[in-house]
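Numbering (this note's numbering), first residue to last: 11 to 354.
First comes the structure, then the notes that go with it.
Next up, the structure:
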């Protein structure tokens with residue numbers, strides 16, 4: 011009986027001295043484990059008489075229950091203390107300024123593309139896409155450039171096979187849409203995407219750049235419709251006081267063809283070094299869809315007509331944001347891209 015009392019008192023003292031849950035768990039093992047002090051008391055029963063054994067066993071169970079209750083009570087106390095210590099350790103000083111998360115931004119070319127898409131979709135256009143690896147059929151032949159056409163020399167092309175190439179313009183998407191339409195009118199779409207040409211990279215040229223071409227085909231479409239559309243585009247992108255002008259030009263898939271200029275955003279048309287003292291800056295090419303292009307896609311060129319235009323997204327971005335080197339768009343300089351961070 012004295013041994014039982016000794017184990018119980020030592021156990022209660024060990025429990026009281028525990029300062030954390032790890033120590034308490036070790037005491038539990040030392041006293042209540044399979045090889046613990048309480049279990050070792052049961053080995054003493056072999057030396058007792060039959061009358062003494064039940065009383066001894068009852069005392070051992072009381073000791074075990076006492077230690078178990080003390081352990082559970084101490085565990086609750088230590089859990090509360092551990093939580094308090096954790097809260098103190100992880101306390102946040104809300105008087106300090108927060109950390110600003112580092113986030114990316116939309117690339118300036120994508121900003122221009124999205125702005126133009128919103129502009130033209132608002133005018134009733136749909137957005138069409140196509141493959142960057144294109145067939146010669148759609149890139150050239152359906153655009154009124156047969157294999158022996160001299161205008162093919164105007165575009166240095168990356169050929170993959172004699173019949174496949176990296177598209178040199180998004181006109182190829184227009185040709186695919188015209189073919190799929192099977193003569194059904196009206197057609198009103200824009201075609202954004204990357205295009206590729208063999209060119210030496212410098213401040214104003216790149217072997218890879220982005221275009222957005224537009225196409226409208228219907229009845230009684232005139233050059234005046236084209237001019238009104240492009241004037242609306244120029245004023246929305248560069249300012250309400252901008253004016254445009256047409257200059258005669260040549261493109262195989264349009265007739266007549268025009269180069270489109272906008273009044274200089276720096277001098278307002280008065281003349282300055284930016285516009286080479288002309289008052290005008292070239293922004294895109296356009297024209298009325300060539301009758302051959304319509305006929306090859308199954309349209310009656312005597313009953314319908316259309317216009318097309320091609321916008322260089324880099325050109326628009328350079329004019330809109332005052333960027334003087336096209337290579338800035340592709341060199342992944344974070345300092346340049348941060349200028350367009352909408353979250354700053």
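Where is the CB? At the ideal position from N, CA and C, for every residue including glycine.
Note on the region 189-250: whole beta strand (DSSP E) runs with a minimum of 3 residues are 197-206 and 218-228, in chain order. Counting C-beta pairs with one atom in each stretch, the region 66-81 and the region 11-24 have three or more that are closer than 8 Å, which means they touch. Of all alpha-carbon atoms in 300, 273, 169 and 219, the one lying nearest the alpha-carbon of residue 322 is that of 219.
With respect to residue 48, residue 72 sits apart: the two C-beta atoms are not nearer than 8 Å. Note on residue 180: 16 or more other CB atoms within 10 angstroms of its CB, so buried under the neighbour-count rule. Counting only unbroken stretches of 3 or more residues, the beta strand (DSSP E) elements lying wholly within the region 120-198 are 143-145, 169-171 and 174-176, in sequence order. When the five nearest sequence neighbours on each side are left out, the beta carbons in the same chain lying within less than 6 Å of the beta carbon of residue 203 are those of 180, in order along the chain. DSSP, read as helix, strand or coil, puts residue 320 in strand. Residue burial is scored here from C-beta neighbours: residue 238 has fewer than 16 other C-beta atoms within 10 angstroms and is therefore classed as exposed. The alpha-carbon of residue 259 is positioned some 9 Å away from that of residue 297. Leaving aside the five residues that flank residue 326 on each side, the residues in its chain whose CB is nearer than 6 Å to its CB run, in chain order, 122. By the Cβ-count criterion, residue 38 is buried, with 16 or more other Cβ atoms from all chains shown falling within 10 Å of its own Cβ. Assigned with DSSP and collapsed to three states, residue 297 falls in strand. Residue state for residue 336 is assigned as helix, using DSSP reduced to three classes. Straight across, the Cα-Cα distance linking residue 45 with residue 51 is about 10 Å. In this structure, residue 226 lies near residue 316, with their beta-carbon atoms less than 8 Å apart. In the displayed model, residue 261 falls within a strand according to three-state DSSP. Shown here, residue 25 sits in a helix according to DSSP, grouped into three states.
Here residue 143 is exposed. Its C-beta has fewer than 16 other C-beta atoms within 10 Å. Under DSSP, residue 273 shares a beta bridge with 290. For residue 102 and residue 35, the gap between their C-alpha atoms comes out near 31 Å. Rounded to the nearest angstrom, the gap between the Cα atoms of residue 116 and residue 212 is 24 Å. Rounded to the nearest whole angstrom, the CA to CA distance from residue 57 to residue 92 is 45 Å.
Between residue 307 and residue 229, the C-beta spacing is not below 8 Å. Here residue 172 is exposed. Its C-beta has fewer than 16 other C-beta atoms within 10 Å. Take residue 273, set aside five residues on each side of it, and the residues of its chain with a beta-carbon closer than 7 Å to its own are 252, 253, 279, 289 and 290, in chain order. Nearest C-alpha to residue 320 among 328, 88 and 294: 294. For residue 64, the enclosing alpha helix (DSSP H) starts and ends at 62-99. Judged by beta-carbon spacing, residue 153 lies within the 8 Å limit of residue 303, meaning their Cβ atoms are closer than that value.
Residue state for residue 268 is assigned as strand, using DSSP reduced to three classes.
Scanning the region 33-64 from its first residue to its last, the whole alpha helix (DSSP H) runs of 4-plus residues come out as 47-51. Out of 99, 234, 13 and 247, the CA that lies nearest to the CA of residue 55 is found in 13.
In summary, residue 324 is buried, with 16 or more beta-carbon neighbours lying within 10 Å of its beta-carbon over all protein chains present. Taking 8 Å as the cut-off, the Cβ atoms of residue 200 and residue 137 count as close. If you look at residue 346, you'll find it in the alpha helix (DSSP H) that goes 344-347. When 301, 157, 310 and 248 are compared, the shortest CA-CA separation from residue 329 is found for 248.
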